[in-house]
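Novice: This is the structure, below, for whatever I ask next.
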């Protein structure tokens, strides 16, 4: 997903791992175990709440080239989950995944595509007090790669938003609608609501209201607030007839149906 920076700091000298391994001897897993066994140990440790064990196992597996472990560790740094939050460290790890690339049909495809999206997000907002500055052109290119090559709904949604406002390139309402339409057909409620708002602004009032209303029934928490505001604003200026028709049409919109 972008220009890559430095290698991962996976050694114990980085200060995030303890001197003694916390691995359960009964599990038959140690730092000499294969990368997939370490990954599995890390995964189950995380699910059981033993996040320090998970970090340690993921580090050893990542050192041995396991992409999923590197991705999991990057997520933990990005969220401050089990380790101190460190966006720059997460950025480096996502970058290594992107730099390594992925073979067609590889089991690492999902990790690669999601690393691209994470990098795009970092370029979109930058990382304060770091070499990672806002680069909207790079962000837009990364979203395009994840949206077009891998069909990731979130990437399609974010790409559509950037095209709609001209972030990182020219404004193209036509292209924005295309990507938002793909994202909504792939089950992205935010894309459905924004697509509906474009239709509303273009004069397709009832149909636009229908998509905005249907989106509210399926939105993720991060999108529900702005979706509700957008829908309420549209309803406030629509005619009573268009409101009724919009609500009626909303009942017939099947989410993620490819309609």
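Residue numbers (mature numbering (1 follows the signal peptide of the UniProt record, and there is no 0)): -22 to -1, 1 to 237. Where a beta carbon is used, it is the ideal one built from N, C-alpha and C, also for glycine.
1) Hey, residue 243 and residue 48: beta-carbon distance below 8 Å or not?
2) Taking the Cβ atom as the reference point for each residue, do residue 128 and residue 87 lie within a distance shorter than 8 Å?
3) Within the same chain, show all residues whose beta-carbon is closer than 8 Å to that of residue 176, passing over the 5 residues directly before and after it, in chain order.
4) Comparing alpha-carbon positions, which option in 83, 59, 58 and 97 lies nearest residue 75?
5) In angstroms with no decimal places, state the Cα-to-Cα distance between residue 212 and residue 198.
6) Rounding to the nearest angstrom, what Cα-Cα distance links residue 93 and residue 219 in this structure?
7) Taking buried to mean at least 16 other C-beta atoms within 10 Å of its own C-beta, is residue 214 buried or exposed?
8) Following the continuous alpha helix (DSSP H) through residue 78, name the residue where it begins and the one where it ends.
9) Is residue 52 near residue 72, with beta carbons less than 8 Å apart?
10) How about residue 91 and residue 130: are their beta carbons less than 8 Å apart?
11) In or out: residue 70 buried (at least 16 other Cβ within 10 Å) or exposed?
Specialist: Considering the structure as presented:
1) As shown, the chain starts at -22 and ends at 237. That puts residue 243 outside it, with no answer to give.
2) Counting from 1 along the chain shown, the entry for residue 128 is found at position 150. Counting from 1 along the chain shown, the entry for residue 87 is found at position 109. Closer than 8 Å, so yes.
3) Translated into positions along the chain shown, residue 176 becomes position 198. Apart from sequence neighbours up to five positions away, the residues of its chain that approach residue 176 with a beta-carbon distance below 8 Å are 142, 151, 154, 155, 158 and 186, ordered along the chain.
4) For this step, residue 75 is matched to residue 97 along the chain shown. Checking every option, the nearest Cα to that of residue 75 belongs to 97.
5) As a position in the chain shown, residue 212 is number 234, starting the count at 1. As a position in the chain shown, residue 198 is number 220, starting the count at 1. So the two alpha carbons sit approximately 20 Å from each other.
6) As a working note, residue 93 is residue 115 in the chain shown. As a working note, residue 219 is residue 241 in the chain shown. When rounded, the separation of the alpha-carbon atoms in residue 93 and residue 219 is 46 Å.
7) The residue labelled residue 214 in the question sits at position 236 within the chain shown. Classification of residue 214: exposed, given that the 10 Å Cβ count is below 16.
8) Sequence index remark: in the chain shown, residue 78 carries index 100 (1-based). Counting along the chain, the alpha helix (DSSP H) containing residue 78 begins and ends at 65 to 78.
9) Position 74 of the chain shown, counting from 1, holds the residue named residue 52. Position 94 of the chain shown, counting from 1, holds the residue named residue 72. Closer than 8 Å, so yes.
10) In the chain shown, residue 91 corresponds to position 113, counting from 1. In the chain shown, residue 130 corresponds to position 152, counting from 1. Contact flag set, yes.
11) Start at 1 with the first residue of the chain shown, and residue 70 comes out as number 92. Result: buried.
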